[in-house]
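Chemist: Start counting the sequence shown at 1; every next residue gets the next number (the UniProt record's numbering).
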Amino acid sequence: MTESNDTPVLPEDGEERQHRRIKSFVMRAGRMTEGQQRGLEQGAPLYVLPLADAPVDFDQVFGRSAPRSLEIGFGMGHSLLEMAAASPEQDFIGVEVHRPGVGALLNGVLTQGLTNLRVYDCDAIEVLNRCVADNSLDRLMLFFPDPWHKSRHHKRRIVQASFAELVRSKLKIGGVLHMATDWEPYAEYMLEVMNVAPGYRNLAEDGKCVPRPAERPITKFERRGERLGHGVWDLKFEKLA
1 MTESNDTPVL PEDGEERQHR RIKSFVMRAG RMTEGQQRGL EQGAPLYVLP LADAPVDFDQ
61 VFGRSAPRSL EIGFGMGHSL LEMAAASPEQ DFIGVEVHRP GVGALLNGVL TQGLTNLRVY
121 DCDAIEVLNR CVADNSLDRL MLFFPDPWHK SRHHKRRIVQ ASFAELVRSK LKIGGVLHMA
181 TDWEPYAEYM LEVMNVAPGY RNLAEDGKCV PRPAERPITK FERRGERLGH GVWDLKFEKL
241 A
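#1: Taking a contact to mean a Cβ-Cβ separation below 9 Å, would you say A187 touches I158 in this structure?
#2: Short of 6 Å in beta carbon distance, which residues of its chain neighbour E226, apart from the five on each side in sequence? Order them along the chain.
#3: Who are the Cβ neighbours of L70 in its own chain at under 6 Å, not counting the five residues just before and after it?
#4: Are there 16 or more other CB atoms within 10 angstroms of the CB of N116, so buried, or fewer, so exposed?
#5: Do F62 and R118 have their C-beta atoms closer together than 9 Å?
#6: Let's test the definition: count the other Cβ atoms within 10 Å of the Cβ of R17 and tell me whether it reaches 16, buried, or not, exposed.
#7: Give the range of the beta strand (DSSP E) segment to which F237 is assigned.
#8: Run through the DSSP bridge pairs and tell me what S69 is partnered with.
#9: Let me check one thing: in DSSP terms, what residues is N202 bridge-paired to?
#10: Report the start-end ranges of each beta strand (DSSP E) in the stretch 153–236 that is 3 residues or longer and not cut off at the edges.
#11: With C-beta atoms as the reference, is M194 less than 9 Å away from T181?
#12: My understanding is that residue 244 touches L177, with C-beta atoms under 8 Å, so please give their C-beta distance in whole angstroms.
#13: To the nearest angstrom, report how far apart G108 and L81 are at their CA atoms.
#14: So, under 8 Å CB-CB, Y200 and L106 are touching, yes? Tell me the CB distance rounded to an integer number of Å.
#15: Count the other CB atoms within 10 Å of the CB of D134; is the residue buried (16 or more) or exposed (fewer)?
#16: Around the C-beta of H149, are 16 or more other C-beta atoms found within 10 angstroms, so that it is buried, or is it exposed?
#17: In or out: D53 buried (at least 16 other Cβ within 10 Å) or exposed?
#18: Looking at the secondary structure, which residues open and close the alpha helix (DSSP H) in which R31 lies?
#19: Report the option in E89, K170, E192, R216 whose CA atom is closest to the CA atom of F144.
#20: Using the DSSP secondary-structure output, state which residues sit across from R118 in a beta bridge.
#21: If we call anything under 9 Å between Cβ atoms a contact, is L110 one with Q42?
#22: Over the uninterrupted alpha helix (DSSP H) stretch that includes residue 242, give me the two end residues.
#23: Is it buried or exposed, E96, if we count other Cβ atoms within 10 angstroms and call 16 or more buried?
#24: According to the Cβ coordinates, are G35 and A84 closer than 9 Å?
#25: Out of S169, I173, F74, V102, which one is the CA nearest neighbour of P45?
#26: Taking Cβ to Cβ, would you say R99 is nearer than 9 Å to M32?
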């Protein structure tokens, strides 16, 4: 995940200062492959959901009541596709602003004939605030978000106290926030944020990170990193109340 150059709006004379929320992503253009274009043209009308002004009835969207997971920033969608294909008894919602990634995921959905996956192609915070009912998600996944390495950019990180609180409001009791990063300082930062966030329990036995969960697919990027000796840190926090 990356982020836009979002700055406060300066006030006109006599007006109060208006602030726009700092986002944790940047809208990036990219060339589209034929498959990605097919995904957008044929898949979007079927699987992309509009940003709503009221909580969405996902039981109606999917035509059933099932365990439901939402992934923020699915990139090119490989992991989300694999999870959805491996667990047809569960429903998945992916959120991504990168158009080639959305197209790639939708092309995979069409190719594999999946029915348990839907997509939002807009700001994840807006989706959570406007479309997802409180106490409705079994799992929220945030894999390899942009760590915004420089100190002056830390305010752009999606993992903040306000994010932890928003996610907690959307998870069912017993629901899990699962995060993963390949940058250890960001893992440490996530722990700092989550350890003081109310209403959560760290599922790691040592109070730090959990072993890589079997349900999170290993990406090509991750395999390459492992060969180079790079680590990956998974964090799981359960909603208590």
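Beta carbons: idealized from backbone N, C-alpha and C, even for Gly.
Modeler: Here's the rundown:
#1: In the sequence shown, counting from the first residue as 1, residue 187 sits at position 187. In the sequence shown, counting from the first residue as 1, residue 158 sits at position 158. Cβ atoms of A187 and I158: not closer than 9 Å.
#2: Within the sequence shown, numbered from 1, the residue matching residue 226 stands at position 226. Result list for E226: empty, nothing under 6 Å.
#3: Taking the sequence shown and counting its residues from 1, the one referred to as residue 70 is at position 70. The beta carbon of L70 sits closer than 6 Å to the beta carbons of I93, L137, L140 from its chain, once the five residues preceding and following it are set aside; these are given in chain order.
#4: Residue mapping note: residue 116 aligns to position 116 of the sequence shown, counting from 1. Burial call: buried.
#5: On the sequence shown, residue 62 is found 62 positions in, with the first residue counted as 1. On the sequence shown, residue 118 is found 118 positions in, with the first residue counted as 1. Contact flag set, yes.
#6: Mapped onto the sequence shown, residue 17 falls at position 17. Because the pLDDT at R17 is just 36, under 50, the model does not fix this residue reliably, and the point stays unresolved.
#7: Locating residue 237 in the sequence shown gives position 237, counting from the first residue. Element bounds for F237: 233–239.
#8: Start at 1 with the first residue of the sequence shown, and residue 69 comes out as number 69. For S69, which the question treats as bridged, DSSP gives the partners F92, R139.
#9: By 1-based counting over the sequence shown, the position of residue 202 is 202. In the DSSP output, where bridge partners are listed per residue, N202 has F237.
#10: 171–181, 200–202
#11: Translated into positions along the sequence shown, residue 194 becomes position 194. Translated into positions along the sequence shown, residue 181 becomes position 181. No, the pair does not count as a contact, with Cβ atoms beyond the cut-off.
#12: The structure shown does not extend to residue 244, since the chain is modelled only from 1 through 241, so no value can be given for it.
#13: Walking along the sequence shown from the start, residue 108 turns up at place 108. Walking along the sequence shown from the start, residue 81 turns up at place 81. When only Cα atoms are considered, G108 and L81 end up about 7 Å apart.
#14: Walking along the sequence shown from the start, residue 200 turns up at place 200. Walking along the sequence shown from the start, residue 106 turns up at place 106. About 33 Å separates the CB atoms of Y200 and L106; that is not less than 8 Å, and the two are not in contact.
#15: Along the sequence shown, one-based indexing puts residue 134 at 134. Its Cβ having fewer than 16 others within 10 Å, D134 is exposed.
#16: Position 149 of the sequence shown, counted from the first residue, corresponds to residue 149. Exposed, since its Cβ has fewer than 16 Cβ neighbours within 10 Å.
#17: Along the sequence shown, read from residue 1 onward, the residue named residue 53 stands at position 53. Exposed is the call here.
#18: Counting from 1 along the sequence shown, the entry for residue 31 is found at position 31. R31 -> no alpha helix (DSSP H), and no H or E assigned at all.
#19: Taking the sequence shown and counting its residues from 1, the one referred to as residue 144 is at position 144. The candidate whose alpha carbon is nearest that of F144 is R216.
#20: Along the sequence shown, one-based indexing puts residue 118 at 118. R118 is bridged to I93.
#21: Here residue 110 refers to the residue found at position 110 when the sequence shown is read from its first residue. Here residue 42 refers to the residue found at position 42 when the sequence shown is read from its first residue. Yes.
#22: Because the chain in this structure spans residues 1 to 241, residue 242 falls outside the shown range and cannot be described.
#23: Within the sequence shown, residue 96 is the residue found at index 96, counting from 1. Label assigned to E96: buried.
#24: By 1-based counting over the sequence shown, the position of residue 35 is 35. By 1-based counting over the sequence shown, the position of residue 84 is 84. No, the Cβ-Cβ distance between G35 and A84 is not below 9 Å.
#25: Against the sequence shown, residue 45 aligns to sequence position 45. Of S169, I173, F74, V102, the residue nearest in Cα terms is V102.
#26: Against the sequence shown, residue 99 aligns to sequence position 99. Against the sequence shown, residue 32 aligns to sequence position 32. Their beta carbons are under 9 Å apart, which means R99 touches M32 by this criterion.
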